[in-house]
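Going by my numbering, the sequence shown opens with residue 11, and the numbers climb by one from there.
Don't be surprised by glycine CBs; every beta carbon is placed ideally from N, CA and C.
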Amino acid sequence: FDCRLWRAALRRAVDLRATGNLGGVSGNAMAEEGAPVTIAVGAATAREALAQVVGSAEGCRRMLDPAQRSVGVAHALGGFYEHYWALVFANSTGQDIDKSCYPVYP
């Protein structure tokens with residue numbers, strides 16, 4: 011789990027909910043960090059969102075791209091479609107992963 015990608019996905023999901031602008035995230039959409047973004051809207055569960063992503067040629071291509079080794083997933087509730095999911099992909103590996111949002115246990 012990469013906290014940087016999760017934050018980027020959350021920003022995108024919240025932005026989608028606020029603006030309703032789905033046109034700007036298809037094809038070669040990128041997060042602020044330059045990472046590819048795939049979205050799913052209207053899916054009430056993560057399973058439904060994943061099915062939506064797998065069902066799209068671009069989403070499936072991104073998920074199967076061996077260069078994309080990490081993903082951040084976020085969900086925003088509300089707005090016209092009620093559910094907005096964003097997946098941000100990156101090629102980060104173990105030492106590159108941001109763990110700043112991990113819980114700290116005593």
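Here the alpha carbons of residue 63 and residue 103 stand approximately 23 Å from one another.
Contact check for residue 24 and residue 100: beta-carbon distance about 19 Å, past the 8 Å limit, so the pair fails to qualify. The secondary-structure analysis by DSSP pairs residue 95 across a beta bridge with 50 and 85.
When rounded, the separation of the alpha-carbon atoms in residue 92 and residue 110 is 29 Å.
When the beta-carbon positions are compared, residue 90 and residue 30 come within less than 7 Å of each other.
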